[in-house]
Amino acid sequence: MTKLNTYRSGPDERGHFGIYGGRFVAETLMPLILEVEKAYREARADPAFEGEMRQQLKQYVGRPNPLYYAERLTEHLGGAKIYFKREELNHTGAHKINNCIGQILLARRMGKTRIIAETGAGQHGVATATVCALYNMPCVIYMGETDIARQAPNVFRMKLLGAEVRAVTSGAKTLKDAMNEALRDWVTNVADTFYIIGTAAGPHPYPTIVRDFQSVIGDEVRTQMQELEGRLPDSLVACVGGGSNAIGLFHPFLDEPTVQMIGVEAAGRGIEKGPLDHAASINGGRPGVLHGNRTYLLQDEDGQILEGHSISAGLDYPGIGPEHSWLHDVGRVEYASATDQDALDAFQLCARTEGIIPALESAHGLAEVIKRAPKLPKDHLMVLCLSGRGDKDIFSVAKHLGVEL
Amino acid sequence: MSADPLSSGRIARRFAALKAEGRAGLITFVTAGDPDPATSRAVLHGLPAAGADLIELGMPFTDPMADGPAIQASSLRALHAGMTVRKTLELVRGFREGDADTPIILMGYYNPIYAYGVDRFLADARDAGVDGLIVVDLPPEEDEELCIPAVKAGVSFVRLTTPTTDETRMPVVMKNTSGFVYYVSIAGITGTASAANTAIDAAVERLKRHTDLPVAVGFGIKTPAQAADVARIADAAVVGSAIVTRLADGLDGSGTVRPGTVEDVLGFVRELAEGVRAARG
Chain A
4 MTKLNTYRSG PDERGHFGIY GGRFVAETLM PLILEVEKAY REARADPAFE GEMRQQLKQY
64 VGRPNPLYYA ERLTEHLGGA KIYFKREELN HTGAHKINNC IGQILLARRM GKTRIIAETG
124 AGQHGVATAT VCALYNMPCV IYMGETDIAR QAPNVFRMKL LGAEVRAVTS GAKTLKDAMN
184 EALRDWVTNV ADTFYIIGTA AGPHPYPTIV RDFQSVIGDE VRTQMQELEG RLPDSLVACV
244 GGGSNAIGLF HPFLDEPTVQ MIGVEAAGRG IEKGPLDHAA SINGGRPGVL HGNRTYLLQD
304 EDGQILEGHS ISAGLDYPGI GPEHSWLHDV GRVEYASATD QDALDAFQLC ARTEGIIPAL
364 ESAHGLAEVI KRAPKLPKDH LMVLCLSGRG DKDIFSVAKH LGVEL
Chain B
6 MSADPLSSGR IARRFAALKA EGRAGLITFV TAGDPDPATS RAVLHGLPAA GADLIELGMP
66 FTDPMADGPA IQASSLRALH AGMTVRKTLE LVRGFREGDA DTPIILMGYY NPIYAYGVDR
126 FLADARDAGV DGLIVVDLPP EEDEELCIPA VKAGVSFVRL TTPTTDETRM PVVMKNTSGF
186 VYYVSIAGIT GTASAANTAI DAAVERLKRH TDLPVAVGFG IKTPAQAADV ARIADAAVVG
246 SAIVTRLADG LDGSGTVRPG TVEDVLGFVR ELAEGVRAAR G
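Chains as they are written, first to last, in this note's numbering: chain A, 4 to 408; chain B, 6 to 286.
Pasting the structure below:
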């Protein structure tokens, strides 16, 4: 692979990470996309914007969250020294809120008065509904009918927070269709509406915006590891659906050649079973264009988008953020995968050894840690992004374990 | 314009003929392969005689982000019946055997074209008798992807302009557009709201200051009377969702086409055409 001087300079001014990214949207949205880009640039240069964001991340979200030494798991695996970045301790129980705080401040700055968002598992929907309650803005969440049925607690949470949850009945009725429907809403309500995209994908500048707002994860890890161990970590592991927690953890370290990074895709029932049985866009898909960007996608020969499968509704998306596609192609980040069963095993092990019930999404990352750590020396510092807590998943896990609740 | 190979093509000839007749054109949209290959072929072949002056043929896609429920459903019906890019091009080739003059514009989303391969797609499309492309998710910012190669290959790239395309952006949008300009009369998706005639009037006038190309207006035109209203203002009226809905109405509960559906759809197109033709009379 070609060695680059920096892996942190992207995207270019047209939103490209290598051949990935871009702005593949209808003309109706283009002027607005350009306006978002301009407003974002100005916001980042404004100390008042940064100040308010930092304040909210501290007082409302509860940052910084700990970088926690998982001692019992480390002993159990008998190799690398394992740390968890505790994103699950954030308000709302996942990393999603980091991005939502940033984007709603941007929306307010742009004078927008209505918020829309898409959600799959419901975590991003809950985080969006939360910040909308906080800032008293009307909020419409698009969610596939299939997901509404399997994520009932989060649907209720969103409603409690004052959001309107609109069931999406088009297409396969899951996350990708929710995103289509949110884009349709946005095209229809361009003047007053801001679309809070939840993952590091979509048209430029969204992949950059989400990455930047999530980079607080990696920035904190860097500082905390310095305090705890006096040096950089050796490896970073995170699950990847669209890839927002992973890019947030990785990005601050991309130019540190000694830091190895592994993104973990959802292999579902097994990548070898074909694209309807997994959600591993990089390991089991190929480049294409969807939802405003070019990236690795699950698709058939004719370029029709396929529905992925994963036990985790948050990883169940047929695409991945464009920067991940590029980091894969240039070889800077390794993209592994974990099956539903790997994730279930990791989920249970984590609960028993650390007293932490992780989100099924995060359990995919943990499954990779379980595979790697035993083969590594004891002075190898490995960080897992524990992106969310698993309370929302106990029903589906119970079902898979054959337990009646 | 005279050096442009596209200016002598079917689209230019058809708009020149319409101008000579002193009337606007009717552009009809149907989805290729909807609801099944045979019905789709029968509708397509019948459109010119029913009064369609130009034809937009939808290339079905699983995720049509700019389309409303009617066209989404038509895409899924077509895909379910096995439609592909290759079969869409075959459909055009079959049409061309019996009609050398009616322009065909393929309308769709980029990914199926990208998956097929841009160069191969353009060569095959041209060869099949395709005159132009409308690709919803390729704004001018992505012109290098398909627009510029298409124009080089002799296939027009018809651009959408919208109520949100402001004065500063207009030249950007017009720069590489060819064939005609498609004015999307509402900020929204296909087949939903309709724009006020006064708003369309002002928009067409504004567009005419920026281009010499014909201006077609679409989105939200559902009746012969609405088509006639647009035909008084623009060079062509585009009707899509209303035709596709008429076709869907001809399906029974199991998705099978009831007898007489093709005739009914073409009868509706005839009413639209009569509206358009009488508009300036």
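Every residue, glycine too, gets a C-beta built ideally from N, C-alpha and C. All values derive from a computational prediction rather than experimental measurement.
Using beta-carbon distances, D234 of chain B does not count as an interface residue toward chain A, since no partner is under 9 Å. When DSSP states are grouped into helix, strand and coil, R297 of chain A belongs to the strand group.
Under the DSSP assignment, I85 of chain A falls in the beta strand (DSSP E) whose first and last residues are K84 to K88. Inter-residue distance for S315 of chain A and G271 of chain A is about 9 Å (C-alpha atoms, whole angstroms). At least 9 Å separates the CB of D332 of chain A from every CB of chain B. Between I212 of chain A and the set A:V143, A:A130 and A:N102, the nearest pair of CA atoms involves A:N102. Fully enclosed alpha helix (DSSP H) runs of no fewer than 4 residues occupy 152-157 and 175-179 of the stretch 141-213 of chain B, in order along the chain. In the structure shown, H327 of chain A adopts helical secondary structure according to DSSP, grouped into three states. Using a CB distance below 8 Å, the part of the stretch 13-26 of chain A facing chain B consists of R17, G25 and R26, ordered along the chain. Secondary structure at V224 of chain A: helix, using DSSP grouped into helix, strand and coil. As summarised for the stretch 307-359 of chain A, the continuous beta strand (DSSP E) elements at least 3 residues long and confined to that stretch are 337-342, given in chain order. Within chain B, no C-beta atom comes nearer than 8 Å to that of G165 of chain A; the closest sits roughly 26 Å away. The CB of I199 of chain A never comes closer than 7 Å to any CB in chain B; the least such distance is about 17 Å. Close to chain B, meaning a Cβ-Cβ distance shorter than 8 Å, are the following residues of the stretch 169-184 of chain A: S173, G174, K179, D180 and N183. Boundaries of the beta strand (DSSP E) harbouring S238 of chain A: S238 to C242, taken from the DSSP string. With a 10 Å radius around the Cβ and a threshold of 16 neighbouring Cβ atoms, V189 of chain B comes out buried. Counting only the Cα atoms, V28 of chain A lies some 28 Å from E95 of chain B. Beta-bridge pairing by DSSP links H215 of chain B to no other residue. A direct Cα-Cα distance of roughly 48 Å separates G322 of chain A from A284 of chain B.
DSSP places G122 of chain B in the coil class of the three-state scheme, outside both helix and strand. P264 of chain B and L301 of chain A have their C-alpha atoms roughly 38 Å apart. For I144 of chain A, the closest alpha carbon among the candidates A:G123, A:L318, A:R153 and A:E232 is that of A:G123.
Contact note: F66 of chain B reaches chain A through G306, Q307 and I308, using a C-beta cutoff of 9 Å and chain order. In this structure the stretch 384-391 of chain A lies against the stretch 86-98 of chain A, because at least three pairs of beta carbons, one per stretch, are closer than 8 Å. For the stretch 23-48 of chain A, the beta-carbon criterion of a distance under 9 Å to any beta-carbon of chain B is satisfied by G25, R26, F27, V28, A29, E30, T31, L32, M33, P34, L35, I36 and L37. Burial is judged here by how many other beta carbons sit within 10 angstroms of a residue's own beta carbon; P229 of chain B has at least 16 and is buried. Pairing L277 of chain B with A242 of chain B gives a Cβ-Cβ distance under 9 Å. For E147 of chain B, the nearest CB of chain A lies under 9 Å from its own CB, placing it at the interface with that chain. Interface annotation, T169 of chain B: in contact with chain A, CB-CB separation under 9 Å. Contacts between G193 of chain B and chain A, judged by CB atoms closer than 7 Å, involve V190 and T191 in chain order.
Residues A354 and G393 of the same chain have their beta carbon placed closer than 6 Å to that of I360 of chain A, with the five preceding and five following residues left out of the count. From the beta-carbon of D142 of chain B, the residues of chain A found nearer than 8 Å are F27, V28, A29, V292 and G295. The beta carbon of E167 of chain A is closer than 6 Å to those of V143 in its chain, skipping five residues each way along the sequence.
With its beta carbon less than 9 Å from one in chain A, L165 of chain B belongs to the interface.
Against chain B, the CB of A51 of chain A has no partner CB under 9 Å away; the residue lies outside that interface.
A straight line joining the alpha-carbon of A198 of chain B with that of I226 of chain B spans about 9 Å.
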